[in-house]
Amino acid sequence: MTLGSLAVTGNAFKRSGAGLPLSYSDSMPYCHYFGPEVDTIEYLDRLISDQGSGVDLPAGVIVETIQAEGGINVAEREWLLGLQALCRKYDMLLIIDDIQVGCGRTGSFFSFDDMGLDPDIICLSKSISGYGLPLAITLIKPEHDIWEPGEHNGTFRGHNLAFVTAKRALELFWSNERLQKQVEAKADLVGKALRRICNKFPHARGRVKGRGLLQGIEFEHAELATTASRIAFGKGLIIETSGPESQVLKLLPPLTISEQDLKKGLEIIEHSVGEAIAELGISPKQAASG
Ligand SMILES: *Cc1c(COP(=O)(O)O)cnc(C)c1O
53 MTLGSLAVTG
63 NAFKRSGAGL
73 PLSYSDSMPY
83 CHYFGPEVDT
93 IEYLDRLISD
103 QGSGVDLPAG
113 VIVETIQAEG
123 GINVAEREWL
133 LGLQALCRKY
143 DMLLIIDDIQ
153 VGCGRTGSFF
163 SFDDMGLDPD
173 IICLSKSISG
183 YGLPLAITLI
193 KPEHDIWEPG
203 EHNGTFRGHN
213 LAFVTAKRAL
223 ELFWSNERLQ
233 KQVEAKADLV
243 GKALRRICNK
253 FPHARGRVKG
263 RGLLQGIEFE
273 HAELATTASR
283 IAFGKGLIIE
293 TSGPESQVLK
303 LLPPLTISEQ
313 DLKKGLEIIE
323 HSVGEAIAEL
333 GISPKQAASG
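For the sequence shown, the numbering used here gives the first residue as 53, with consecutive numbering after it.
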């Protein structure tokens, strides 16, 4: 909503909502943006170190460990560690936007737990309230926190009820490893089901992406994702798409979903993909000819 936030989103539709040129940030290629052969950390290092590159030294780097809206692009641990090393080398802050993939979405509380990352600032929102209430928090290392209480504020910030539910959710779900274990088990189930769907419809050219309870299928036939999503809605299942061409059918179930509901949802997805293929007239022969 703010020009600062819009300046760091990659989404052209959201950016155009600003109605102004967006400034004070540069976008840099993500892990594997040019395929597995190109090391984009090296690219970034060169641009920053070269006084003639035209790129100024940034104060910080904002990154998602998995680009969720961006099409479930998963950054490799080595890449993230390389980015952290670069931040330390040039005295830039490492800011991780864990809003969509944190709070247990990938199993552990933060999406980067056990990766050896130590971000200076972490953004959390969405599931942090534990109850679908609006709440967002920014974790800042004390040495970087120069704000006075309430300095950066607004009328509806500090949502009291959400504070209460968030505290309760943290106590309930993060005082032991039960939720994490459950998420891991359900993630396994989701991964298997999605791979089965891809194998069942090879001409749809689907590829399973993601981690934990953020997984999806990227279709080479981009329209399949939107069509399957619409068909699933008619069958009582809300499922989003993501990616620049809306080519990824993206699962984002509640972490506390029962195994029974999850299986039912996965069945609906399987049927919806099958029907979408039929509706779009994608035949094995057609796929073979490209
Ligand atoms: C939803 C989302 C946001 C926006 O969160 P707000 O709390 O609405 O500001 C930012 N980053 C990511 C990755 C998101 O998924």
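Think of the CB as a built atom: it goes at the ideal place given N, C-alpha and C, for glycine as much as any other residue.
- By the Cβ neighbour-count rule, R209 is exposed, with fewer than 16 other Cβ atoms within 10 Å of its own.
- Within the same chain, A256, G258, R259, V260 and I269 come within 8 Å of C250 by CB-CB distance, once the 5 residues on both sides are set aside.
- In the displayed model, G326 falls within a helix according to three-state DSSP.
- For C250, the three-state secondary structure derived from DSSP is helix.
- Between the C-alpha atoms of R247 and F164 there is a straight-line separation of about 25 Å.
- Look at which beta carbons fall closer than 5 Å to any heavy atom of ligand 1; those residues are D149, I151, Q152, S177 and A188.
- For T279, the CB contacts under 7 Å within the same chain, skipping 5 residues up- and downstream, are A328, E331 and L332 in chain order.
- Closest option to E297, judged by alpha-carbon separation, among H273, V113, I173 and A245: H273.
- Contact between the segment 229-241 and the segment 113-125 is absent, with fewer than three C-beta pairs closer than 8 Å.
- Bounds of the beta strand (DSSP E) holding R263 are G258 to R263.
- In the three-state DSSP reduction, V90 falls in the coil class, being neither helix nor strand.
- Look at S77 here: in three-state DSSP terms it is coil, with no helix or strand label.
- Separation of A59 and I147 (C-alpha to C-alpha, rounded to the nearest whole angstrom) is 15 Å.
- Distances from the CA of L145 to each of L135, P336 and V153 were compared; the closest alpha carbon is that of L135.
- C-alpha of W131 to C-alpha of D170: approximately 14 Å in a straight line.
- Between E116 and V90, the gap from beta carbon to beta carbon reaches 8 Å or more.
- Nearest C-alpha to G264 among L222, L307, S335 and R282: L307.
- Inclusion of T217 and L185 in the CB contact set at 8 Å is warranted, their separation being smaller than that value.
- A distance below 7 Å between beta-carbons, with the five flanking residues on each side excluded, links I192 to the following residues of its chain, in chain order: I173.
- Spatial neighbours of Q119 in its own chain (CB-CB distance under 6 Å, excluding positions within 5 residues in sequence) are listed in chain order as N125.
- For G243, the CB contacts under 7 Å within the same chain, skipping 5 residues up- and downstream, are V260 and Q267 in chain order.
- DSSP places Q136 in the uninterrupted alpha helix (DSSP H) bounded by R129 to K141.
- With distances taken between CA atoms, S310 lies nearest to A237 out of K302, L301 and A237.
- Taking the CA atoms as reference points, S75 sits about 24 Å from I189.
- Going by DSSP, I309 is part of no alpha helix (DSSP H) at all; its letter is neither H nor E.
- As DSSP reads the structure, C175 sits in a beta bridge with D149 and T190.
- Annotated three-state conformation of E270 is strand, per DSSP.
- By the C-beta density criterion, A239 is buried, having at least 16 other C-beta atoms within 10 angstroms.
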